[in-house]
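Residue 49 in our numbering sits at position 49 of the sequence shown, and the numbers go up by one each step.
C-beta atoms are modelled at their ideal positions from N, C-alpha and C, and glycine is treated no differently.
In what follows, a structure is listed as structure tokens, so that the remarks can point back to it.
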Amino acid sequence: MDRDSLHAHIRRLLGDASAARYGDELLDDALRDALTTLSLEVPLILEATVNVLDSGTECDLDGLTRITQVLSVCYPWDGMQSVTPSLRSWVFYWKSGVPALRLFRGSFTAGESIRLSYCALHRLEGLDGAAETTVPDTLQALLGLGAAARAASMRAAALLEAHGSPASDHNQLFALGQNWWQSFTLQLMAMRPMGGSPQPALPGFGWGLEPR
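This is the structure:
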């Protein structure tokens with residue numbers, strides 16, 4: 001599905017086929033929330049080669065958009081070796097909003113390359129300029145449920161602030177959103193084993209922490 005198809009699916013769930021109550025902007029916000037939550041539970045697994053620009057114990061990963069975590073680090077990488085050392089003593093963190101790696105042992109050398117396996121946020125075609133949908137077909141209906149839950153909660157909040165709106169309107173919507181969101185997150189947790197990595201298990205020394 002793309003953005004427009006999911007909008008239609010969400011509106012069917014919410015009984016708003018004519019789009020009288022749920023506008024495109026609200027549904028886009030709801031999709032972003034649900035897509036982020038889905039991505040953190042069942043991430044998109046990608047691989048990339050990063051060139052080291054400056055020698056030292058740190059390497060910026062600013063070219064890896066939508067990255068959320070690093071799974072494995074192979075260095076040095078020349079693309080021709082049958083076996084490349086998989087590093088263990090490293091940390092993934094955010095440095096002033098830029099993703100980066102830091103080594104605890106040894107250092108990177110300018111001009112060499114690093115091969116990474118990492119988790120990234122999924123994309124939805126048509127949302128925020130994405131050209132393709134990376135969410136597996138088997139999870140797209142579930143994404144729609146999560147987005148419908150967020151949309152219901154957002155509308156409930158808007159009704160609460162509207163002068164003269166019956167209390168039952170936003171209470172029922174809020175309860176609906178809560179119930180659907182709980183179902184969404186529980187199903188995602190059950191899907192978590194599907195997000196396997198092509199590399200070894202998450203290194204024991206990789207954390208997503210801000211440096212102090």
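Helix, strand or coil: how does DSSP classify residue i here?
i: Trp-213; result: Missing from the structure shown is residue 213; the chain here goes from 1 to 212 and no further.
i: Ser-18; result: coil
i: Ala-300; result: Only positions 1 to 212 of the chain appear in this structure, which leaves residue 300 out of reach.
i: Ser-55; result: coil
i: Ser-183; result: helix
i: Arg-102; result: strand
i: Gly-79; result: coil
i: Glu-25; result: helix
i: Thr-133; result: coil
Quickly, what does DSSP pair residue i with across the bridge? List them, please.
i: Thr-68; result: Paired residues: none, contrary to the question.
i: Val-50; result: Ile-114
i: Pro-43; result: Beta-bridge pairing links Pro-43 to no other residue.
i: Ser-86; result: Cys-74
i: Leu-35; result: Answer is none; Leu-35 lacks a bridge partner.
i: Phe-108; result: Gly-56
i: Ala-120; result: Leu-44, Ile-67
Would residue i pass as a contact of residue j if the rule is Cβ separation under 8 Å?
i: Ala-110; j: Ser-55; result: yes
i: Ala-141; j: Phe-184; result: no
i: Leu-64; j: Tyr-118; result: yes
i: Arg-102; j: Tyr-93; result: yes
i: Trp-77; j: Thr-49; result: yes
i: Gly-151; j: Ala-20; result: In the sequence under discussion, the amino acid at residue 151 is Ala, which differs from the Gly named in the question. Cβ distance not < 8 Å, so Ala-151 and Ala-20 don't count as in contact.
i: His-7; j: Leu-26; result: no
i: Leu-44; j: Leu-121; result: yes
i: Leu-143; j: Val-135; result: yes
Would you mind reading off the limits of the alpha helix (DSSP H) that contains residue i?
i: Glu-125; result: Unbroken run through Glu-125: none, as it is neither H nor E.
i: Asp-2; result: Element bounds for Asp-2: n/a, residue is neither H nor E.
May I ask which residues mark the beginning and end of the beta strand (DSSP E) holding residue i?
i: Glu-58; result: 58 to 60
On a Cα-Cα basis, can you pick out the residue from the options that is closest to residue i?
i: Val-73; options: Arg-66, Asn-51, Arg-155; result: Asn-51
i: Thr-37; options: Arg-123, Tyr-22, Ala-152, Asp-24; result: Arg-123
i: Gly-97; options: Leu-71, Asp-62, Leu-127; result: Asp-62
i: Arg-155; options: Asp-16, Ala-8, Ser-5; result: Asp-16
i: Ile-67; options: Ala-190, Glu-47, Ser-86, Pro-85; result: Glu-47
i: Ser-86; options: Leu-71, Pro-99, Asp-24; result: Leu-71
i: Leu-127; options: Ala-157, Arg-88, Asp-24, Leu-173; result: Asp-24
i: His-170; options: Ala-147, Glu-112, Leu-159; result: Leu-159
i: Thr-133; options: Leu-35, Arg-12, Tyr-22, His-9; result: Leu-35
i: Gln-69; options: Tyr-75, Pro-136, Ala-175, Val-91; result: Val-91
i: Met-1; options: Ala-157, Trp-181, Thr-138, Gln-172; result: Thr-138
i: Ile-10; options: Phe-108, Gly-177, Ala-190; result: Gly-177
Chain D beta carbons: is any one of them nearer than 8 Å to that of residue i?
i: Met-191; result: You won't find chain D in this structure, because it holds only one protein chain.
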